[in-house]
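Colleague: Numbering (our numbering), first residue to last: 51 to 131. Idealized CB from N, CA, C, for every residue including glycine. Note that the structure is predicted; figures quoted are calculated from it, not measured.
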Amino acid sequence: MRVRRSFVVIALAAALAGCGSTQALKPAPGTPLPVAPYGATATPAIKDLLTPSVQARPRRTGEVLTRSQERQSDEYDLPPR
Numbered sequence: 051m052r053v054r055r056s057f058v059v060i061a062l063a064a065a066l067a068g069c070g071s072t073q074a075l076k077p078a079p080g081t082p083l084p085v086a087p088y089g090a091t092a093t094p095a096i097k098d099l100l101t102p103s104v105q106a107r108p109r110r111t112g113e114v115l116t117r118s119q120e121r122q123s124d125e126y127d128l129p130p131r
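1) Tell me where the alpha helix (DSSP H) around residue 99 begins and ends.
2) Hey, how far is the Cα of residue 93 from the Cα of residue 123?
3) Quick one: grab the DSSP three-state call for residue 107.
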């Protein structure tokens with residue numbers, strides 16, 4: 051009975067730990083945005099800081115395989131021993 055009760059408590063704690071805020075992110079009152087990066091002429095806006103770069107989230111291409119190519123033989127593709 052004790053094991054079951056402790057399991058329920060742990061499961062409840064894990065469920066509550068997964069909860070998070072759904073409001074928009076903004077800096078704390080009275081704190082400024084980060085300083086401008088080296089070489090930048092202006093400090094980026096909040097929207098610019100929260101938008102991932104192309105390298106962080108690449109776009110998918112709609113390009114499909116247009117022609118089939120026969121595979122080259124692989125000398126190291128040996129059957130199992």
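Modeller: Let me lay it out:
1) Counting along the chain, the alpha helix (DSSP H) containing residue 99 begins and ends at 96-100.
2) For residue 93 and residue 123, the distance between alpha carbons rounds to 55 Å.
3) Residue 107 falls in the coil class under three-state DSSP.
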